[in-house]
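Structure first, then comments.
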Amino acid sequence: MKASALKRQMDFEVPVNIVDVRERDEFQEAHIAGAANYPLSEITEWIDKLDTDQEYIVLCRSGARSTQATWQMEAKGYKVVNIEDGLMSWPGEVVKGGNEQ
């Protein structure tokens, strides 16, 4: 999915579960409002804690880490969508600070 498609969903207030797999310091610098920070480096700690009935939209800075997380989440039975080109292609506003988990 392109970041612009996610932005359109959010503009129309379609409920989304955004999983940002960047490291905590990266997340603090800038992230999409409402995103939850689950670093890829800690995936073994959180991957089994998410609701398998939900769909998750996964992103990172450029799309590489989110692709890895997407593969691992799919292997566990999660419904996931990867954001191509990550936060770098996000056309909307970002927020700083916080860890919305």
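Be aware that the sequence shown starts at 7, since it is given in our numbering, and climbs by one per residue. Note that CB positions come from ideal geometry on N, CA and C, so glycine has one too.
Report task. Inspect the beta-carbon positions of M79 and V87 and report whether they are closer than 8 Å. Result -> Going by C-beta atoms, M79 is not nearer than 8 Å to V87.
**Report entry** 8 Å Cβ cutoff met for K102 and E35
**Finding:** Cβ distance < 8 Å, so K102 and E35 count as in contact.
**Report entry** Backbone secondary structure at D31 - three-state DSSP
**Finding:** D31: helix per DSSP, three-state reduction.
Query - Test item: CB-CB of S95 and A9 under 8 Å - result: Yes, the Cβ-Cβ distance between S95 and A9 is below 8 Å.
Query raised in the report: At which residues does the beta strand (DSSP E) containing E61 begin and terminate?
Result: Unbroken beta strand (DSSP E) run through E61: E61 to L65.
Query raised in the report: What whole-angstrom Cβ distance do E25 and I53 have, given they're in contact under 8 Å?
Result: It should be pointed out that residue 25 corresponds to Val in this sequence rather than to Glu. Contact flag wrong, Cβ pair sits at about 10 Å.
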